[in-house]
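Numbering (our numbering), first residue to last: 86 to 351. C-beta: ideal position from N, C-alpha, C; glycine also.
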Amino acid sequence: MRRIYFILILLTISGIAFGQNERKFVRNGNKLFMEAVRDTTKIDSVKFSNAETEYRKALEKRPEDLKWNYNLADALYKQQKFEDAEGKFSELAEKMEEPVERARVNHNLGNTQLMQEKLDESIESYKKALRENPDDLETKYNLAYAQMLKKKKEQQQQQNKDQNKDQNKDQNQDKNDQNKDNQDKNKDQNKDQQDQNKDQNQQNQDQNKDQNKDQQQKQQPQQNKISKQDAEQLLQALQNDERDIQDKVKKAKAAQAKRSRSEKEW
């Protein structure tokens with residue numbers, strides 16, 4: 086029995102030693118965290134990172150410790166590791182037993198979501214915190230701020246939507262006006278072209294008419310005009326005809342004179 090008792094004592098002493106080491110890590114982490122928080126002129130990311138390291142060492146021994154996990158989430162938030170901090174606070178929000186602790190966790194959860202511009206999620210987290218602790222003025226302020234940002238964002242989105250709508254309307258109107266102008270321009274061009282074609286056709290017709298007239302006038306003298314040889318032949322024929330006529334006339338006169346003499350003699 087003494088041997089067993091001795092072993093139990095050794096186990097107890099060993100457990101105390103492990104517990105002291107864990108708390109030492111937590112104390113170191115808290116010290117680094119508070120030193121970093123005191124300097125309000127800057128964010129000492131190095132000390133917050135070292136505090137995170139110390140908290141993780143302690144949680145390797147006691148991973149379910151809610152307060153140490155809460156400290157780790159705070160260290161992550163201070164380093165602007167908002168997504169990791171959000172995951173930690175989300176886990177803690179379901180595990181905290183006291184209303185004040187749940188309110189604090191949901192408040193910090195809302196902060197991490199707000200920093201990521203998750204406005205709807207942050208508003209819901211602040212409301213959960215206020216349901217646990219309705220008198221928390223800081224949470225009320227953050228809730229109002231998140232709601233104001235959401236409203237402003239919605240107004241900006243609506244303004245952008247209206248602006249895009251107006252731009253599209255103006256673009257469509259400009260396009261319609263341009264199409265109308267093009268149609269009118271084309272119509273005028275077609276009319277001008279038609280008039281030009283009509284004038285050209287009329288001009289061609291007049292020109293053809295004049296050319297035909299000139300051609301006829303040129304052809305008519307050519308038809309009336311005879312060559313020199315033809316003229317000489319015609320003149321010779323006329324002279325021959327005239328000579329024959331004169332001979333016939335002479336013969337007729339001679340015959341008549343002869344008849345007259347015969348009649349007188351008879």
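- Fewer than three beta-carbon pairs drawn from the stretch 239-254 and the stretch 199-219 are found closer than 8 Å, and the two stretches are therefore not classed as touching.
- If you look at N135, you'll find it in the alpha helix (DSSP H) that goes 130-146.
- With a cutoff of 8 Å on beta-carbon distance, E107 and A143 are scored as near each other.
- Residue burial annotation: E137 is buried, with at least 16 other C-beta atoms found within 10 angstroms of its C-beta.
- E183 carries a coil assignment under DSSP once its states are collapsed to helix, strand and coil.
- At a Cβ-Cβ threshold of 8 Å, Q198 and S210 count as neighbours.
- Boundaries of the alpha helix (DSSP H) harbouring N156: 151-163, taken from the DSSP string.
- Contact between V122 and Y140 does not hold, since the beta-carbon distance rounds to 15 Å and is not under 8 Å.
- If you compare the alpha carbons of P184, K132, I208 with that of N115, the shortest gap goes to K132.
- Taking a C-beta distance under 8 Å as the contact criterion, L161 and D169 qualify as a contact pair.
- Annotated as distal: S207 and Q164, with beta-carbon spacing of 8 Å or more.
- In the structure shown, D284 falls within a helical segment according to DSSP collapsed to helix, strand and coil.
- Taking C-beta atoms as the reference points, K173 and N154 count as a pair closer than 8 Å.
- Shown here for A178: same chain residues with a beta carbon closer than 7 Å to its own, the five before and five after excluded, namely R187, V190, N191, L194 in chain order.
- Contact check for L204 and K238: beta-carbon distance about 7 Å, within the 8 Å limit, so the pair qualifies.
- Residue burial annotation: N289 is exposed, with fewer than 16 other C-beta atoms found within 10 angstroms of its C-beta.
- In the displayed model, E202 falls within coil according to three-state DSSP, outside both helix and strand.
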